[in-house]
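Novice: To start, I am sharing the structure in question, which I have written as structure tokens.
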Amino acid sequence: MKNTINLKIDGITVTVDKGETILAAAKRLGIKIPTLCYHEDLCVAGNCRVCIVEQTGMRTLPASCATPATEGMEIFTNSLKVRNARKHIVELLLSEHNADCTKCYKNGNCELQNLASETLVNEPMFLDLVPGNKYTIDKYNPAIIKDDSRCIRCQRCVRTCEELQGVSALSVAYKGSKMKVSAFLEHSLNEVVCTNCGQCINRCPTGALVERNYVDQVWDELLNPNVHVVVQTAPAVRIALGEELGYAPGQRVTGKMVTALKRLGFNSVLDTDFTADLTIIEEGHELLNRLKRALVDKDPTVSLPMATSCSPGWIKFIEHTYPEYLNNLSTCKSPQQMFGALAKTYYAQKRGIDPKNIISVSIMPCTAKKFEANRPEMRDSGYKDVDYVLTTRELARMIKQAGLDFQHLEDSKYDSIMGEGTGAAVIFGATGGVMEAALRTAYEVVTGREVPFEKLRIMPVRGMEGVKEASVLIENTLPEWSFLNGVELKTVVAHGLTNADAVMRKVKNGEGGWHFIEIMACPGGCLGGGGQPIPTNKEIRKKRAEAIYAEDEGLPIRKSHENPEIAMIYSEFLEKPLGHKSHDLLHTTYKPRLRY
Amino acid sequence: MNIPEKQLKRVDLIFAETEVYETLEIAFKRDKQEVLNEILESGLRGRGGAGFPTGLKWKFTAEQPSEEKYVICNADEGEPGTFKDREILTRVPLKVLGGMAICGHIIGAKEGYLYLRGEYRYLVAHLDTYLNSFNDWLKKHGIDFTIYIRMGSGAYICGEESALFESMEGKRGEPRNKPPYPTVAGFRNKPTVINNVETLVYATVICKYGASLFKNLGTFDSRGSKVFSVSGDTPVAGIYELDFGMTVERFVEEFGDGDTKAVQVGGASGFCVPRKKFKETIIGFEGVPTGGSMKLFNSSRSMYNVLHNYLDFFHEESCGQCTPCRIGCQQLLHGIEAVKKGEKSTAYLITLLKLAETMKIASKCGLGQSVGNSFKSIVENFKEEMIY
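Heads up: the sequence lines are chains P and F, in that order.
Quick note on numbering: the first sequence equals residues 357 to 952 in the numbering used here.
Quick note on numbering: the second sequence equals residues -6 to 381 in the numbering used here.
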């Protein structure tokens, strides 16, 4: 059977693979057909109709994103018929859309705005439907704001929530003019199964779904002379922030970011990498402890496999969906929350600052972190451990507000204490990174040798495959770990909640035989987080991952247990992994939630 | 145009008593291709309104290599002014089931589904009695085909074939992108024949009497007879089976009240024929196609109100998925209101007519594509009623 197809687009002949759409075929010719509901990460919907084209012999105008090319097809992408219809469609969308762009958070990064501008919309062609349609705005969630008046019903968010995340917190409700994207029974996202992952935000073409921003609140703190504002930056921020500030995807801007934060007025610019390393020590010991209880003590109550707990989207997902497995979660807080708890205890003591005067801000690639910081469990320091969580996008906004010429800033280093991180911590930002970091440390703790991978690159857990399995045979252990001799440590890594669900289903069926599971809620891990620059796609996430691994290899220390600040905090403050203080400050509990 | 004009003629094929089991026994003994040829030869076209040749639909599906295929009877009769399928299912359900079984036999399907309009739930008990004995009969005769009933829930859009599949699969009833067409990927993404109730009855009739009886009725483009649901300003509202292809004039002579100013052919998604065009307009695929809905309006009616009623219906019954249909329907509805109230100038009607044209060519499914039919035919023919 022939596997290629010849067709003509705007008079040019092109050969494409069988199954390729008209949209993709046009792209090969350098013709960009405008789209709105189409997104590379998602299945085709074909509902916005912006990408319509004219096909010779057809009465109707097919949607190019949804129509496969066929042999001998003759397509016109910019005929009079197409232009008129497309203009109507854009005008219709605008008539139903609250186009008060200056008041919109997405102003300047809105696909509808761009399209309207390209289409040369001036006087509205149709009636303004916005006043009559009583739109609702869901502002009750600490992480995500959903404004129906800006929604164009492209259903990208619905597809994201269902296909990529397997959550289906968002779905389509009602029909006709009342049709809308809604959570269960029109509840607030706050009250439903939503994990706050923010993947819907990353794919929303307009400002209908945005993060709840805390930019003004943080400025107020920065400009308040009576408080000491510390900031922590997550590993995945440094490799993506540049995209918001004029760099191509995959550029590392760590040094410039630190400078910018100092210039914004943060009293101390610190690194979440420090607590990522700390997580490895705590979580690694927790795993070894569980293995010992299972293998040596034959304790039937021990929960294995153990799952990572760094990703708050994943935590909320398992609380809703697999509440019977909450004991399998590591009790370790996420690095953000460990940092928060230490900032108002250890840091405050060392620096001699009253913790009530410390404001702790975190810069995260994540929207779920906003929810996490608000959890009632996260006040172990006696205060709210993390006061404000900003996304990568919000930080970029602040840098722009401050008028900083980011590209020409000099590099600078993180402050101390709690500013030191290793390569193992940096890779937390990519799927498989926590696993790799944990293995680098655990293997060495147990055997006294480095993991048997060239340049510490544990390739089986890297890459963008949805579910990755890896096993490490433990041999010739140090005497105290002899019970692990000959054990093949089996691990699995998943990113994106649909993949997490697949892993959990296997766990539930008693399959897999894993000891340790790493799960990140977002595609690609934190680098593809819901707080990262928009747009996102596979290519961009791949570039960001490359940047993360380059950052790792560029650092002098690449194993968490070799971080000198980690040794210091244990000797000065925490005493020992899983010790009393750790238990109080660094570990947490989870709660079952309902499933709707 | 010297085609001799068709006289109005009543026909009695649909509701006439037919020995269905006997017909099936004969059909199952015949060569499948032979039976299919009979359907092809008859010229039968889909009676839901779109008029796709039934034999071709069956042929395409039969040619698909899949092991799993389905026959679906679309009984989601939702077009405003159509009520013939209800009557058919009440009076001759066996003939419907017979058509499904013949189709299943030809295309190689093992399961058939009757998708019943939500409002017809009261028919289920009645249908079940026939269905059970019918399924038993098939089993007894060694035919591996079973028919089930599936209920709709009241959405107009679920009469659209791909939305119907989605609904049957337990999803929200939204039309799919085409291609692929149902003959390739329909219910559960398997090759599927989906036919209107009336079409399936005619299939049984054709198997019983042969293609020629059917073919000799109607016109070249509109073979056979057709069941009409007649309503509106008529002294004789009801269901009539008529020789296909008559003019609106002949129809009005029979069913009008003497003061007919317009006939809406094909329901809300069909065309409005004004008095001045009665003579030249043929009811059929060469003129105005119809799924059976024939609504007569006399001079006491405001065509603005008629159109407003249709648009009100569409803006509520659009699935809301695609832009032209969801927002277009709202704009048309509020647009004519604005013109009527004088908030928009009369020239705005031209903008709306252009919009209706865009909806016809750019909407995702038949619903959005046909809103423009009634809009254009009413606005163009009764412009003064829109304004004053």
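Positions of the beta carbon are idealized from the N, C-alpha and C atoms, including for glycine.
(1) Have a look at the DSSP bridge pairing and note the partners of PHE432(P).
(2) Does the region 692 to 708 of chain P come within contact of the region 738 to 758 of chain P, defined as at least 3 CB pairs closer than 8 Å?
(3) Would you call CYS399(P) buried or exposed, if buried means 16 or more other Cβ atoms sit within 10 Å of its Cβ?
(4) Which residues in chain F sit within 7 Å of HIS764(P), going by Cβ to Cβ distance?
(5) If you reduce the DSSP assignment to three classes, tell me which class MET(-6)(F) lands in.
(6) So, is the C-beta of ARG165(F) closer than 7 Å to a C-beta in chain P?
(7) Please report whether the beta-carbon of ALA529(P) lies at a distance below 7 Å from any beta-carbon of chain F.
(8) Using a Cβ-Cβ cutoff of less than 6 Å, which residues in the same chain neighbour ILE371(F) once the five nearest sequence positions on both sides are dropped?
(9) Closer than 6 Å by C-beta to ARG40(F): which residues in its own chain qualify, once you throw out the five before and the five after it? Chain order, please.
(10) When DSSP builds the beta bridges, which residues end up paired with THR369(P)?
(11) Can you say whether TYR530(P) is buried or exposed, counting buried as having 16 or more other CB atoms within 10 angstroms of its CB?
(12) Jot down the residue ranges of each uninterrupted alpha helix (DSSP H) in the region 551 to 594 of chain P, minimum 4 residues, whole runs only, in chain order.
(13) To the nearest angstrom, report how far apart MET(-6)(F) and VAL281(F) are at their CA atoms.
(14) Just curious, the beta strand (DSSP E) that GLU825(P) is in, first and last residue?
(15) Locate the beta strand (DSSP E) running through MET625(P), then write down its first and last residues.
(16) Closer than 9 Å by beta-carbon distance: list the chain F residues that pair up with ILE431(P), in chain order.
(17) Considering Cα atoms alone, identify which of GLY819(P), LEU565(P), ALA380(P) is closest to LYS894(P).
(18) So what's GLN757(P) in DSSP terms, helix, strand or just coil?
(19) If you compare alpha carbons, which of ALA425(P), GLU639(P), SER505(P) is closest to MET662(P)?
(20) Can you tell me whether TYR905(P) is buried or exposed? The criterion is at least 16 other CB atoms within 10 Å of its CB, across all chains shown.
(21) Measuring CB to CB, does ILE361(P) end up less than 7 Å from GLU410(P)?
(22) For ALA331(F), report the span of its beta strand (DSSP E) as first-last.
(23) Check whether the Cβ atoms of SER916(P) and THR778(P) lie closer than 7 Å to each other.
(24) At the level of alpha carbons, what is the spacing between LYS353(F) and SER367(F)?
(25) Would GLN511(P) be called buried (16 or more neighbouring beta carbons within 10 Å of its own) or exposed?
(26) Against chain P, does ILE99(F) count as a neighbour if the rule is that its beta carbon must be under 7 Å from one of theirs?
(27) Report the residues of the region 346 to 358 of chain F with a CB closer than 8 Å to any CB of chain P, ordered along the chain.
(28) According to DSSP, is ASN463(P) helix, strand or coil?
(29) Just to confirm the assignment, what range does the alpha helix (DSSP H) spanning LYS536(P) have?
(30) Given a threshold of 16 other Cβ atoms within 10 Å of its Cβ, counted over all protein chains shown, does GLY881(P) qualify as buried or as exposed?
(31) Is GLU452(P) close to chain F, meaning its C-beta is less than 7 Å from at least one C-beta of that chain?
(32) Would you kindly work out how many angstroms separate the C-alpha atoms of GLU599(P) and LYS171(F), rounded to a whole number?
(33) Just verifying my parser: in three-state terms, what is the DSSP assignment at ILE7(F)?
(34) What are the residues of the region 304 to 336 of chain F that lie near chain P, defined by any Cβ-Cβ distance shorter than 8 Å?
(35) For SER737(P), is the classification buried or exposed, using 16 other Cβ atoms within 10 angstroms of its Cβ as the cut-off for buried?
(36) If we call anything under 7 Å between Cβ atoms a contact, is VAL843(P) one with ILE830(P)?
Specialist: With the given structure in hand:
(1) GLU410(P)
(2) Yes, the region 692 to 708 of chain P touches the region 738 to 758 of chain P.
(3) exposed
(4) Neighbours of HIS764(P) on chain F: none; closest Cβ ~44 Å, over 7 Å.
(5) The predicted position of MET(-6)(F) is uncertain, since its pLDDT is 46 and thus under 50; no value can be drawn from it.
(6) yes
(7) no
(8) CYS265, MET296, LEU300
(9) ASN189, GLU191, THR192
(10) Answer by DSSP bridge pairing, in chain order: LYS364(P).
(11) exposed
(12) Every unbroken stretch of the alpha helix (DSSP H) spanning 4 or more residues and falling wholly within the region 551 to 594 of chain P is given here in chain order: 555 to 559, 571 to 578.
(13) Reliability fails at MET(-6)(F), whose pLDDT of 46 lies under 50, so the model's placement of it is uncertain and the value that follows must be treated cautiously. When rounded, the distance between both Cα atoms is 17 Å.
(14) 823 to 829
(15) The displayed chain sequence assigns Val, not Met, to residue 625(P). Start and end: 624 to 627.
(16) Chain F residues near ILE431(P): none, gap ~15 Å exceeds 9 Å.
(17) GLY819(P)
(18) helix
(19) GLU639(P)
(20) buried
(21) no
(22) For ALA331(F), no beta strand (DSSP E) segment is defined; the enclosing uninterrupted segment is the alpha helix (DSSP H) at 316 to 333.
(23) yes
(24) 11 Å
(25) Counting Cβ neighbours within 10 Å, GLN511(P) comes out buried, since at least 16 surround it.
(26) no
(27) LYS347, LEU348, THR351, LYS353, ILE354, ALA355, SER356, LYS357
(28) coil
(29) Where LYS536(P) is concerned, there is no enclosing alpha helix (DSSP H), although the beta strand (DSSP E) it sits in stretches over 536 to 538.
(30) buried
(31) Interface residue (Cβ-Cβ distance to chain F less than 7 Å): GLU452(P) is classified as such.
(32) 38 Å
(33) coil
(34) Across the region 304 to 336 of chain F, CB contacts with chain P closer than 8 Å involve PHE307, HIS308, GLU309, GLU310, SER311, CYS312, GLY313, GLN314, CYS315, THR316, PRO317, ARG319, ILE320, GLY321, CYS322, GLN323, GLN324, HIS327, GLY328, ALA331, in sequence order along the chain.
(35) Taking all protein chains shown into account, SER737(P) has 16 or more neighbouring C-beta atoms within 10 Å of its C-beta and is therefore buried.
(36) yes
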